[in-house]
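A short worksheet on the structure shown next.
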Amino acid sequence: MTIFIRAPELADETAFIQASLRSETLHHPWTSAPKTHEAYQAYLSSFSQPSNKSFLVMSRTNEILGVFNLSEIVRGCFQNSYLGYYAFSGQEGKGYMSQGMKLVLDYAFNVLALHRVEANIQPGNVRSIYLVQKNGFRKEGYSLRYLKINDEWRDHERWALTAEEWKR
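Laid out in structure tokens, this is it:
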């Protein structure tokens, strides 16, 4: 299937929330996607800021397959962003997220002109680790109690990719 990416919109709210609710088991304990009107509105607000970009991975029939977020985009000497992502239930393991990641990384390096993209992944999240490995990221380190996910401080592996590595 051919996919494309685009920014989330107000009109996506119902489909997004339904997909998030359907995906609770898939996402737990790795992430928590917006599941209410208020949470979706906060998500849209956060990713309307210049330091954050969000992309929906879409099928040609306009089904939401997954999400990629570039957050905390820092300019100046750093030119860096954090990458977060999740597939929706029923869409995982089909290659859509790998296709979507390539499109997001192309945007990050060629449109936003970032130098580096970093993904922080919980060690047990083997699918996410496989996805970044498959797309050229290298493991840089391990951070104890790095992010608070679902009200619990969790360790993360640090994976990164630079523009030079992406161009190869």
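Be aware that the sequence shown starts at 1, since it is given in UniProt numbering, and climbs by one per residue. Ideal Cβ positions, reconstructed from N, Cα and C, are used throughout, including at glycine.
1) When the distance is taken between beta carbons, is Met58 closer than 7 Å to Phe4?
2) Can you list, in chain order, the residues of its chain with a C-beta nearer than 7 Å to that of Leu21? Leave out the 5 residues immediately preceding and following it.
3) Which residues in the same chain have their Cβ closer than 7 Å to the Cβ of Phe109, if we skip the five residues on either side of it in sequence?
4) Leaving out five residues on either side along the sequence, give the residues of the same chain with a beta carbon under 8 Å from the beta carbon of Leu112.
5) Measuring only the C-alpha atoms, how far is Gly100 from Val132?
6) Alpha carbon to alpha carbon, how far is Glu118 from Ala160? Give it in angstroms, no decimals.
7) Between which residues of its own chain and Met97 is the CB-CB distance below 7 Å, once the five residues before and five after are set aside?
8) Is it buried or exposed for Gln91, if we count other Cβ within 10 angstroms and need 16 for buried?
9) So Asn150 packs on Ser32, CB below 8 Å; how close in whole Å?
10) Identify every run of the alpha helix (DSSP H) within the stretch 90-155, keeping only runs that are complete inside it and at least 4 residues long; order them along the chain.
Reading it off the structure:
1) Here residue 4 refers to the residue found at position 4 when the sequence shown is read from its first residue. Here residue 58 refers to the residue found at position 58 when the sequence shown is read from its first residue. Yes, Cβ-Cβ distance for Phe4 and Met58 is below 7 Å.
2) Position 21 of the sequence shown holds residue 21. Excluding sequence neighbours, Leu21 sits near Lys35.
3) Counted from its first residue, the sequence shown places residue 109 at position 109. Ala163 and Trp166, listed in sequence order.
4) Looking up residue 112 in the sequence shown gives position 112. Counting only Cβ-Cβ distances below 8 Å, and skipping sequence neighbours, we find Lys53, Leu70, Ile73 and Ser81.
5) Indexing the sequence shown from 1 puts residue 100 at position 100. Indexing the sequence shown from 1 puts residue 132 at position 132. Their Cα atoms are separated by approximately 12 Å.
6) Start at 1 with the first residue of the sequence shown, and residue 160 comes out as number 160. Start at 1 with the first residue of the sequence shown, and residue 118 comes out as number 118. For Ala160 and Glu118, the distance between alpha carbons rounds to 4 Å.
7) Indexing the sequence shown from 1 puts residue 97 at position 97. Around Met97: Val57, Gly66, Tyr85, Ala87 and Leu131.
8) Along the sequence shown, one-based indexing puts residue 91 at 91. Counting Cβ neighbours within 10 Å, Gln91 comes out buried, since at least 16 surround it.
9) In the sequence shown, the residue the question calls residue 150 occupies position 150. In the sequence shown, the residue the question calls residue 32 occupies position 32. With 8 Å as the limit, Asn150 and Ser32 qualify as a contact, their Cβ atoms being about 6 Å apart.
10) 96-106 and 126-134
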